[in-house]
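Chains A and B, in that order, give the protein sequences.
Residue 336 in numbering that gives the first Met the number 0 sits at position 337 of the first sequence, and the numbers go up by one each step.
Residue 22 in numbering that gives the first Met the number 0 sits at position 23 of the second sequence, and the numbers go up by one each step.
To start, the structure under review is shown below, and the notes come after it.
There are 2 protein chains.
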Amino acid sequence: MAKKQKTFRPKPRLPKGMRDIRADEISAMNNMLAKLAQIYELYGFEALETPAFEYSDCLGKFLPDQDRPNAGVFSFEEDEDADWVSLRYDLTAPLARFVAANYDQLPKPFRRYQTGSVWRNEKPGPGRFRQFTQFDADSVGADSIAADAELAMLGADSLEHLGLKRGDYQITMNNRKILDGVLTTAGIDPTAPENLGERLTVLRAIDKLDRLGQEGIKDLLGPGRKDLSGDFTKGANLKPDQIDKILAYLATGSHGTSEPKERAEVLGNLEPLVAQTEIGQEGLNELIEIDNLLNAGDFKSDRVRFDPTIVRGLDYYTGPVMEAELTFETTNEKGEQVRFGSLGGGGRYDGLVARFRGQEVPATGFSIGVSRVYTALETLGKLTKDKRRAAPVVVLVMDQEHKEKSQAMVQALRGAGIKSELYLGTSGMRAQLKYADKRCAPLVVIQGEDERENGQVTIKDLDLGAKLSKEIEDNKEWRESQAAQQTVKSDELVRVVKSMLAAQQEQSGNDGGAA
Amino acid sequence: MAKKQKTFRPKPRLPKGMRDIRADEISAMNNMLAKLAQIYELYGFEALETPAFEYSDCLGKFLPDQDRPNAGVFSFEEDEDADWVSLRYDLTAPLARFVAANYDQLPKPFRRYQTGSVWRNEKPGPGRFRQFTQFDADSVGADSIAADAELAMLGADSLEHLGLKRGDYQITMNNRKILDGVLTTAGIDPTAPENLGERLTVLRAIDKLDRLGQEGIKDLLGPGRKDLSGDFTKGANLKPDQIDKILAYLATGSHGTSEPKERAEVLGNLEPLVAQTEIGQEGLNELIEIDNLLNAGDFKSDRVRFDPTIVRGLDYYTGPVMEAELTFETTNEKGEQVRFGSLGGGGRYDGLVARFRGQEVPATGFSIGVSRVYTALETLGKLTKDKRRAAPVVVLVMDQEHKEKSQAMVQALRGAGIKSELYLGTSGMRAQLKYADKRCAPLVVIQGEDERENGQVTIKDLDLGAKLSKEIEDNKEWRESQAAQQTVKSDELVRVVKSMLAAQQEQSGNDGGAA
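The structure is reproduced here in structure tokens:
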């Protein structure tokens with residue numbers, strides 16, 4: 000091995016689409032996840048953890064936003080010449096496996112939340128990683144539509160608990176059954192196997208409304224659409240009166256209007272379009288029931304609204320669907336004003352547990368895209384990241400022979416609950432101060448020979464020192480300035496460090512706090 | 000897809016060596032991890048997260064306790080016909096990659112802690128999983144021996160912060176250099192390439208002291224050993240006087256004695272054995288310095304002791320090594336009294352970053368085996384797991400037509416910070432009560448038709464109800480007993496639920512609390 004090291008030296012690099020996460024982000028993220036867990040438990044969901052990988056046949060081919068089946072996952076053999084396993088691509092497929100395996104012992108409905116990494120073997124890009132975190136709540140075995148209403152409330156309460164103001168976000172709901180009602184009135188039976196492709200094309204077209212606008216959708220519902228690059232997307236080939244029916248349906252909600260409509264108004268708009276079909280009326284009744292429950296919970300349309308343009312993925316969902324998004328625009332990398340986009344979503348699905356058990360098990364879920372919410376909160380300045388407050392006091396080692404004295408000081412500080420560390424290198428004072436600066440240490444503690452002999456110790460505020468040195472032109476005057484440091488009796492160390500830290504915190508509060 | 004579901008039904012099963020983790024364990028575990036993070040940050044370590052998999056060449060072949068190189072990991076291709084990646088098997092190899100990749104920007108020493116899952120492709124067994132959690136602290140670029148001393152203190156403080164009593168655990172330290180000194184005095188140059196195998200055989204033999212006893216080690220240092228099954232393990236083939244020197248060295252510590260020796264005594268015992276060799280003296284000086292620093296931090300031999308029988312893995316470590324273990328015996332599956340074994344350990348290593356950069360970077364680390372510590376705390380009854388306190392109040396739905404009433408009650412409870420949920424199925428009262436019981440709900444809220452008409456609500460303590468039904472022989476009397484339930488005005492719901500929950504908590508405190 001010793002020889003091999005000389006001949007082969009690997010390049011230290013991250014796999015594609017992977018990233019390291021540093022302390023300040025971890026801390027803000029953990030804080031966020033803990034707050035989410037709090038709300039999910041308040042709602043009566045219990046935590047579950049499943050392993051990082053599962054047998055590939057158990058995960059199935061249910062990537063919600065994936066056209067190609069089986070693509071997008073990382074797979075490998077469990078042992079040599081053994082079964083294939085895949086890293087989980089979401090938290091819903093493992094839940095289905097768990098519920099199917101433990102069906103008899105579980106309370107039904109089974110309400111669980113889960114957070115953890117998922118992996119997608121997709122093309123990485125800016126902000127698009129191959130490993131990312133989801134935060135899911137699902138009620139499995141819940142046939143009551145109250146389960147769907149509750150997830151919308153959960154979404155709204157979660158985002159507010161994280162610091163988003165009411166009005167800054169919206170939860171938007173729709174029901175797949177209503178679209179199927181519209182298709183029926185347009186003469187397309189959505190349940191007929193030969194129409195599956197057509198229905199999918201319509202769903203896909205609606206999903207592109209935000210990007211392509213009404214004209215683009217019209218083309219996609221009709222003969223097809225050529226984009227600016229000349230690429231042609233095949234359309235659903237619907238007749239003009241069929242297209243009109245779908246466009247009328249899409250116009251029942253708030254999409255494209257500046258003022259969001261009340262839920263009751265959207266329900267009123269939908270009624271004449273679908274009430275004559277069984278499936279449409281069923282979907283409408285479900286939305287009416289959801290509206291009643293939301294009203295009972297005092298969730299008004301400023302938090303949860305109805306909009307028929309919400310599709311949420313292509314296959315997979317069978318009833319109510321929902322999406323959470325920010326309502327305000329942000330500036331993208333190109334400096335353009337853009338909608339921030341989806342923070343998460345979900346809906347009702349019945350097929351996942353049925354894969355294992357044969358019989359359908361009604362289920363509904365909501366998933367938060369943790370890193371998107373994180374970025375949103377960061378953009379809004381809602382994350383507290385104070386590097387200096389998070390960093391330890393650094394006790395310098397001026398004389399390696401007397402390291403124990405410094406160690407004893409560290410011990411005293413830790414004993415008082417003050418984050419602190421001994422400098423663990425063997426470099427000189429300049430390097431040690433540079434180290435403390437790089438760590439963003441709030442204070443450094445120094446005991447040189449003179450101080451040691453006098454039973455004293457010097458505590459220095461590097462940040463304040465740097466500020467003062469900018470203000471004070473005369474270098475000598477700065478060196479002599481005592482404002483940024485204090486030399487005190489050794490046994491006063493803890494008291495003085497505490498008071499200097501308190502002064503810093505007060506100062507940083509005055510400076511505006513969260514940075 | 001719909002067709003395929005009918006023909007193929009996968010068996011819902013976990014991959015080998017994997018497990019699901021339920022809510023009560025997750026909660027206790029997160030609690031434990033948060034406490035550890037608190038101590039690690041108090042010590043000035045900063046958090047880091049790295050991805051679940053790395054390029055295989057970056058991880059290298061450094062499994063600490065693995066004889067076969069390259070075995071024991073899960074690997075797959077990053078993309079089709081692309082580079083191989085492996086799930087991380089520990090948190091140290093990714094740290095080395097991270098440090099090498101970011102060397103110039105990092106403060107040095109770089110002090111980081113990390114917790115997360117690691118994966119080993121090893122034979123699973125009872126309590127041995129293929130995915131488990133580690134909690135590591137490492138100081139990279141720390142040439143001061145104070146870094147090693149600090150990790151021993153960190154280990155002790157961590158275990159106590161988790162609830163282990165002083166005396167229930169011990170941190171034991173040793174130094175690889177002292178063993179090399181002993182080998183030198185026995186006429187074996189430990190640095191000569193031709194002696195590498197011999198040195199490894201000696202290390203391995205010492206590592207088996209606990210299991211085989213002094214006689215077994217003697218055989219392994221000599222011609223070899225035949226075990227009870229008849230299998231023969233080749234020995235190091237040392238001469239009797241060489242073996243004596245190693246056995247004398249092993250006897251300098253507390254191993255095999257009932258009363259642990261003070262660190263100073265062990266140092267005194269070691270001195271004559273190795274002081275005449277350069278490497279031995281160096282190792283001894285390092286232990287003396289560690290002793291001084293531990294004394295300065297007031298860490299006595301009841302928390303951190305020295306023992307030359309500690310080896311810690313085979314290759315990998317280059318200086319001080321340490322191990323954390325429980326001092327008391329527990330009962331194993333076979334009913335035998337056994338030592339609980341190692342809770343974690345670590346030591347100084349120099350080669351890992353050198354793999355990437357060529358030059359050696361001094362580093363030292365300590366890793367806690369999270370699930371072992373968890374099991375230890377569980378065995379000692381130090382984990383709080385109160386299912387009923389963790390579970391939500393369940394509001395029953397007596398009439399699907401009036402679900403909104405129940406939803407409004409849930410909303411009121413949640414608004415008061417009380418975990419609660421609406422029953423989300425469509426089954427009758429008996430099934431709902433069964434559900435609440437399975438969930439360990441502390442209370443259920445019921446509003447039947449009569450109550451609704453009278454503006455009332457009934458709150459029922461299922462647990463107390465069950466207890467009372469045992470005590471009360473007369474079934475009728477029990478049904479009429481009001482002790483386990485209260486019917487109150489609807490607007491008193493929150494107040495009464497709060498007081499009934501408080502009464503339960505008081506009761507569970509009287510029952511002994513942590514279960």
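Even for Gly, the Cβ is constructed at its ideal location relative to N, Cα and C.
Since the structure is predicted, the reported quantities are computational estimates derived from the model, not experimental observations.
Residue range 455-459 is occupied by the beta strand (DSSP E) that includes T457 (chain B), with no alpha helix (DSSP H) assigned at that position. Taking C-beta atoms under 8 Å as the contact rule, G71 (chain A) and Y88 (chain A) qualify, at a distance of about 6 Å. Check the Cα spacing between G447 (chain A) and each of A:V487, A:G416, A:K433: the tightest is with A:V487.
In the three-state reduction of the DSSP assignment, E491 (chain B) falls in the helix class. As for any alpha helix (DSSP H) of minimum length 4 sitting wholly inside the region 182-235 of chain B, the runs are 195-206, 208-220, ordered along the chain.
A Cβ-Cβ distance of about 48 Å is found for the pair L423 (chain A) and P391 (chain B), leaving them out of contact under the 8 Å criterion. V409 (chain A) sits in a helix when the DSSP states are folded into three classes. The closest CA to that of A100 (chain B), considering only B:D436, B:M428, B:F355, B:M397, is found on B:F355. In the DSSP assignment, S341 (chain A) falls within the beta strand (DSSP E) that extends over 341-348.
Per DSSP, N101 (chain B) is not a residue of any alpha helix (DSSP H), being assigned neither H nor E. Under DSSP, the beta-bridge partners assigned to L86 (chain B) are B:F52.
Taking a C-beta distance under 7 Å as the contact criterion, P50 (chain B) and M31 (chain A) do not qualify as a contact pair. Any Cβ of chain B closer than 7 Å to the Cβ of R96 (chain A) would place that residue at the interface, and such an atom is present.
CA-CA distance, R388 (chain A) to D23 (chain A), rounds to 11 Å. About 7 Å separates the beta carbon of E48 (chain A) from that of Q113 (chain A), a gap short enough to meet the 8 Å contact definition. Rounded to whole angstroms, the Cβ separation of I144 (chain B) and E285 (chain B) is 5 Å, and the two are in contact under 8 Å.
Residues of chain B with a Cβ closer than 9 Å to the Cβ of N291 (chain A) are, in chain order, K402, E403, Q406. When rounded, the separation of the alpha-carbon atoms in A191 (chain B) and G380 (chain B) is 50 Å.
Residue pairing from DSSP places N173 (chain B) in a beta bridge opposite B:V320. Rounded to the nearest whole angstrom, the C-alpha separation of A323 (chain A) and D436 (chain B) is 34 Å.
Taking the Cα of E77 (chain B) as reference, the smallest distance to any Cα among B:F52, B:G59, B:A95 is reached at B:F52. Around the beta carbon of W83 (chain A), fewer than 16 other beta carbons lie within 10 angstroms, which makes this residue exposed.
Shown here for L421 (chain A): same chain residues with a beta carbon closer than 7 Å to its own, the five before and five after excluded, namely V394, V396, S405, Q406, V409 in chain order.
When the beta-carbon positions are compared, L158 (chain A) and Y168 (chain A) come within less than 7 Å of each other. Of the residues assessed, N453 (chain A) falls on the exposed side of the cut-off, its CB having fewer than 16 other CB atoms within 10 angstroms.
Per DSSP, the beta-bridge partners of V394 (chain B) are B:L421, B:V444.
For I367 (chain B), the enclosing beta strand (DSSP E) begins and ends at 362-368. Spatial neighbours of A263 (chain A) in its own chain (CB-CB distance under 8 Å, excluding positions within 5 residues in sequence) are listed in chain order as D290. DSSP assignment within the region 89-146 of chain A yields the following whole beta strand (DSSP E) runs of 3 residues or more, N-terminal first: 109-118, 130-139.
The criterion of a C-beta distance shorter than 7 Å is not satisfied by D230 (chain A) and R224 (chain A).
Below 8 Å, enough C-beta pairs join the region 287-306 of chain B and the region 170-186 of chain B to call them touching: three or more. Among the residues facing chain A, M17 (chain B) is included, as its CB has a counterpart in that chain under 7 Å away. For L208 (chain A), the CB contacts under 6 Å within the same chain, skipping 5 residues up- and downstream, are I216, T308 in chain order. Bridge pairing for V303 (chain A): A:I170 [DSSP]. With a threshold of 7 Å between beta carbons, I20 (chain A) makes contact with chain B. The Cβ atoms of A295 (chain B) and E403 (chain A) lie closer than 7 Å to each other.
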